[in-house]
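Heads up: the sequence shown begins at 16 in my numbering, then just goes up one per residue. Glycine residues also receive a C-beta, built at the ideal position from the N, C-alpha and C atoms. Notes follow the structure.
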Amino acid sequence: MFEEKLSEISEKFKNSQKKKYYILKHKKHKREVYFQNKENAVNFMRVKFNSPLKRIIYFFIKIGLLQPFLKNVYLAENFGDVIFVAGQIKGFKLKDKKVISFPLLGKNEDFIKSKKFQEKFALEGFAPKIFEINKNKIYSIEEMLTVYQENDDSGLIKRLMEFYNSQGIKKISLKEHLKKINKRIKKSPYKNYIKSVLKRMNLSGKKFVVTTLHGDFSRGQILLKEGKYVFVDWNPEVDLITYDLVRFFESDPYLLKNKKFLTLLNLYPEDIKKNIRDYIILSDIYGIIKKNVLYPHTIKRVEFTLNCKTY
C-alpha cells in the first residue's frame, strides 16, 4: 500500500546505504510493518502481535519461516530497523533509541505543527523529547520510549487531567461554544445532520467545561518515560474536556453501558457526569467537523445517547 511513499522518502537520503525490509500488511486498517530480518528488529515488533492469530504469525516470523513468502523492498537505512506505518510513518533506530517520523499522505503542514506542539509539551513533561524537526525533508527525530502495554486506563486519564490543569480549564456558555464551531459546521458536508441533532438536545442555559485537548487520543499515542505517561501525535485544540475520553472509546456506540467508560467518568467533576449525555454528543459533533467524516458507529452512538434512559 505504502511502498511507493516510503521509496520516495528513501530517495531523499542519497548518501544512505539501502537495506532490505520485509513487509507485513493489514489492508482493512491500512497499516503496514516494515522490518529488517534481524533478531532485535523481530523482537521489537512483538508488541504489535497482540491477538491469538497475530501471535501465530509472529511465531512464524520469529523462526524465519514466513519471510520467504513476504514482499520486500530496499530502503535507506535512515529509516531504522523497524518501520510502523499508520497515521504517520515511524522508523525505529533501536541501537540509538531514536524514532524518525514522517507524515503520511501529504499532511506536511499538520505534521510540522504537531511536532512543534510535541516539542513544547516535552518541556512540560507530557511528550517525548524532540531532537530535530526538519522542515525541508519533512521529518522529526525524537527519543524512543517504552510503548504502553499496561491496563491502567485510570492512570492515563489522571495523567491527562494533569495536562489539562497545566493548560487551564474553564467553563463557557453553550452560545460561546457554538459560536466557536459554527463556521466549521456551516462548511461541513454533514451540517444538516449536526443541526438536526442539536435541535433534539435540551441545552438551554447550560455551561460546558473546555480545555486544551490532546486531540487524537488513543492507546497508540501513549508511551512511558521515567514511570510517567507521555503522549505523541498531538493535534491540540481547545474544546470540551470530554473529547479525548470519548475518542478513547471511538468505535463503541454504547458508551453509557460501557463499564470501563463509566469507571473513568468517575474521575471527572460532578457537573460533567451529570450532563454526560450532552458532552458525549457534542464531543462527537466536534469529531465530525474536525475529521470531516461521519462514521456509522458515530450515528449509532449519537442516537443511542439521545434516547438512553438508564444512566
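Span of the alpha helix (DSSP H), counted from its first residue to its last, around residue i
i, result
"Leu238", "Counting along the chain, Leu238 falls outside any alpha helix (DSSP H), though it belongs to the beta strand (DSSP E) covering 237-240."
"Ser66", "That residue, Ser66, is in no alpha helix (DSSP H); it is neither H nor E in DSSP."
"Glu18", "18-25"
"Lys315", "311-322"
Which residues DSSP lists as bridging residue i, in chain order
i, result
"Thr227", "Val253"
"Lys106", "Per the sequence shown, the amino acid found at residue 106 is Gly instead of Lys. BP columns for Gly106 point to Ile98, Ile115."
Range of the contiguous beta strand (DSSP E) that encloses residue i
i, result
"Ala56", "Element bounds for Ala56: not the beta strand (DSSP E) but the alpha helix (DSSP H), 54-60."
"Ile187", "184-188"
"Pro13", "Summary: the structure shown does not reach residue 13, with the chain confined to residues 16 through 326, and so no result is reported for it."
"Leu160", "Here Leu160 belongs to no beta strand (DSSP E), and DSSP marks it neither H nor E."
"Arg46", "46-50"
Three-state class that DSSP yields for residue i in the structure shown
i, result
"Val212", "helix"
"Asn149", "strand"
"Asn261", "Position check: residue 261 holds Val in this sequence, whereas Asn was assumed. Three-state DSSP puts Val261 in a helix."
"Pro284", "coil"
"Tyr37", "strand"
"Ile304", "helix"
"Leu218", "coil"
"Ala137", "helix"
"Lys112", "coil"
"Tyr244", "strand"
"Tyr89", "strand"
"Gly79", "coil"
"Glu165", "coil"
"Ser31", "coil"
"Phe178", "helix"
"Leu271", "helix"
"Tyr205", "coil"
"Ser233", "coil"
"Leu120", "coil"
Residue i and residue j closer than 8 angstroms at C-beta
i, j, result
"Ile287", "Thr320", "no"
"Tyr208", "Leu255", "no"
"Val317", "Val212", "yes"
"Leu260", "Leu279", "yes"
"Phe146", "Lys113", "yes"
"Arg199", "Ile304", "yes"
"Ile172", "Leu282", "yes"
"Leu80", "Gly102", "no"
"Glu19", "Val100", "no"
"Leu21", "Phe59", "no"
"Phe132", "Pro251", "yes"
"Gln51", "Lys34", "yes"
"Lys243", "Arg292", "no"
"Leu160", "Val245", "yes"
"Lys122", "Lys27", "no"
"Glu134", "Ile148", "yes"
Chain B within 8 angstroms of residue i, Cβ atoms only
i, result
"Leu270", "As a matter of chain content, chain B is missing from the structure shown, which is built from one protein chain."
Of the residues the options, the one placed nearest residue i, counting alpha carbons only
i, options, result
"Ala329", "Tyr73, Tyr36, Val100", "Nothing in the structure corresponds to residue 329, since the chain is present only between 16 and 326."
"Tyr179", "Thr161, Leu21, Tyr301, Val224", "Val224"
"Met16", "Gly235, Lys150, Val88", "Val88"
"Asn55", "Arg46, Phe107, Lys40, Glu26", "Phe107"
"Asp248", "Phe126, Tyr49, Tyr73, Ile291", "Phe126"
"Ile115", "Pro143, Glu139, Asn290", "Pro143"
"Lys206", "Ser31, Gln82, Ile300", "Ile300"
"Ile40", "Ser169, Lys86, Lys105, Lys130", "One detail in the question is off: residue 40 reads as Lys in this sequence, not Ile. Here the closest residue by C-alpha is Lys86."
"Tyr49", "Phe94, Glu23, Glu26", "Phe94"
"Leu193", "Leu239, Tyr154, Gly220", "Gly220"
"Leu270", "Phe117, Leu189, His312, Pro204", "His312"
"Asn290", "Lys53, Leu238, Met216, Thr227", "Met216"
"Phe232", "Lys240, Leu238, Thr226, Arg262", "Arg262"
"Lys222", "Ile187, Val253, Gln236", "Ile187"
"Gly170", "Arg234, Asn65, Lys128", "Arg234"
"Ser181", "Arg61, Gly140, Lys77", "Gly140"
Cβ-heavy atom distance, residue i to the ligand NAP, below 7 angstroms
i, result
"Val97", "Questions concerning the ligand NAP fall outside what the structure shown contains, since it holds no ligand whatsoever."
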